[in-house]
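Participant:
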């Protein structure tokens, strides 16, 4: 799908001496400089009715006419009628409650049936946005709230908010072991040296910061509220596993059988049967990239985590 994108603007006098592509990148922050350069080179941008190269030096006061086409960036991906649990939607954003088992991006082993495929069906214009508007992700078996851009302006705004760490993301997690108190884990995360499917604490990794506070202690487990400053792949799972408090059900970072001593068999069975990491993104809040109002959404935990916490509470009182 192709979408026309037309703008007219006067170059400010203070831009005198700047390259054309740099001036336009400042005037149209929703587009990358590389995209603007491609439009200039394909004569989709005129300056006082003339076409110039990206390096052209502007004088200030020129009239710029941008008649560009946003190409379909997701043509290789199918639009699929996959139900979405939509929490909020306006002309710029979609907020969804992602269920357990839904993969966010198509990839090896998951070419179809993903959130991206669902978005392309729900709103066809998503095809003109990078990754169909997806700016952050949740693991396949992590449930919870996600925001997706519906416009190029919102995509740029959300990307900036993420980079500037201005999107608050809160999670519920149930970990093995009894934490003494809340705290912060500041450990860099990078790709595992030997297992490319995993991440690990690594001096060569990117900075990662995870804040947590205790909601409830059980005999052998802890229910925690987690807030992320950064959003590295598997961040919460890696950080808690590295501190010897792996998430219940996380077979990638805690592959051992999760039976624990001195608890009833029924609880051990529930722990062993819990088939995914006990992690749920329950809250998302930030400044709307277009309206600039503060927005916030909460979504309830799915039944499997509610049942797990209920059982841990029940058997901790015995």
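Residue numbers (the numbering used here): 1113 to 1430. Glycine included, each C-beta is placed from N, C-alpha and C at the ideal position.
Is residue 1365 helix, strand or coil when you go by DSSP?
Facilitator: coil
Participant: Compare the beta carbon distance of residue 1215 and residue 1257 with 8 Å and say whether it is the shorter of the two.
Facilitator: no
Participant: Can you tell me which residues form a DSSP beta bridge with residue 1283?
Facilitator: 1338 and 1393
Participant: Would you kindly work out how many angstroms separate the C-alpha atoms of residue 1265 and residue 1172, rounded to a whole number?
Facilitator: C-alpha separation (whole angstroms): 25 Å.
Participant: Drop a sphere of 10 angstroms on the beta-carbon of residue 1239, count the other beta-carbons inside from all chains shown, and report buried for 16 or more, exposed for fewer.
Facilitator: buried
Participant: Can you round the beta-carbon distance between residue 1230 and residue 1192 to whole angstroms, since I take them to be within the 8 Å contact cut?
Facilitator: 6 Å
Participant: Do you know how far the Cα of residue 1317 is from the Cα of residue 1292?
Facilitator: 28 Å
Participant: In three-state terms, what does DSSP make of residue 1246?
Facilitator: In the structure shown, residue 1246 sits in a strand (DSSP, three-state: E or B).
Participant: Less than 8 Å between the CB atoms is what I'm expecting for residue 1289 and residue 1356, so what's the real figure, rounded?
Facilitator: 7 Å
Participant: Between the Cα of residue 1251 and those of 1310, 1415 and 1381, spot the shortest distance and give me the residue it belongs to.
Facilitator: Comparing Cα positions, the closest option is 1310.
Participant: Output the distance between the C-alpha atoms of residue 1129 and residue 1135, rounded to the nearest integer angstrom.
Facilitator: 9 Å
Participant: Report yes if the CB atom of residue 1272 is closer than 8 Å to the CB atom of residue 1398, and no otherwise.
Facilitator: no
Participant: Report the residue ranges of all alpha helix (DSSP H) runs contained in full by the stretch 1139-1174; include only those spanning at least 4 residues, in chain order.
Facilitator: Taking 4 residues as the shortest admissible run, the stretch 1139-1174 contains the following complete alpha helix (DSSP H) segments, listed from N- to C-terminal end: 1145-1153.
Participant: Leaving out the 5 sequence neighbours to the left and right, which residues in its chain are closer than 6 Å to residue 1312 when beta-carbon positions are compared?
Facilitator: 1304
Participant: Can you tell me where the alpha helix (DSSP H) holding residue 1417 begins and where it ends?
Facilitator: In the DSSP annotation of this structure, the continuous segment of the alpha helix (DSSP H) that includes residue 1417 starts and ends at 1415-1428.
Participant: Taking the C-alpha atoms as reference points, what is the distance between residue 1269 and residue 1342?
Facilitator: 17 Å
Participant: Determine, using beta carbons only, whether residue 1132 and residue 1170 come nearer to each other than 8 Å.
Facilitator: Yes. Within cutoff.
Participant: Should residue 1294 be flagged as near chain D, meaning a C-beta pair shorter than 8 Å?
Facilitator: The question asks about chain D, but that chain is absent: this structure has only one protein chain.
Participant: In the DSSP assignment, what are the bridge partners of residue 1207?
Facilitator: 1200 and 1259
Participant: Rounded to whole angstroms, what's the CA-CA distance from residue 1367 to residue 1121? Just pull it up for me.
Facilitator: Spanning the two alpha carbons is a distance of roughly 58 Å.
Participant: Rounded to whole angstroms, what is the Cα-Cα separation between residue 1137 and residue 1147?
Facilitator: 9 Å
Participant: Just to confirm, are residue 1372 and residue 1283 a CB contact at a threshold of 8 Å?
Facilitator: no
Participant: Going by DSSP, what residue range makes up the beta strand (DSSP E) through residue 1323?
Facilitator: 1321-1329
Participant: DSSP three-state call for residue 1133: helix, strand or coil?
Facilitator: helix
Participant: With distance defined between alpha-carbon atoms, name the residue in 1127, 1392 and 1425 nearest to residue 1411.
Facilitator: Scanning 1127, 1392 and 1425 for the CA closest to the CA of residue 1411 turns up 1392.
Participant: Could you give the DSSP three-state label for residue 1217: helix, strand or coil?
Facilitator: coil
Participant: I'd like the span of the beta strand (DSSP E) that includes residue 1271, first residue to last.
Facilitator: It is not in any beta strand (DSSP E) - residue 1271 instead sits in the alpha helix (DSSP H) that spans 1264-1275.
Participant: Drop a sphere of 10 angstroms on the beta-carbon of residue 1200, count the other beta-carbons inside from all chains shown, and report buried for 16 or more, exposed for fewer.
Facilitator: Under this definition residue 1200 is an exposed residue.
Participant: Looking at C-alpha atoms only, which residue of 1307, 1222 and 1400 is the closest neighbour of residue 1262?
Facilitator: 1400
Participant: Alpha carbon to alpha carbon, how far is residue 1232 from residue 1113? Give it in angstroms, no decimals.
Facilitator: Confidence at residue 1113 is low in this model, with a pLDDT of 47, below 50, so the placement of that residue is unreliable and no value is reported for it.
Participant: Name, in chain order, the residues that DSSP records as bridge partners for residue 1355.
Facilitator: DSSP output for residue 1355 lists no bridge partner at all.
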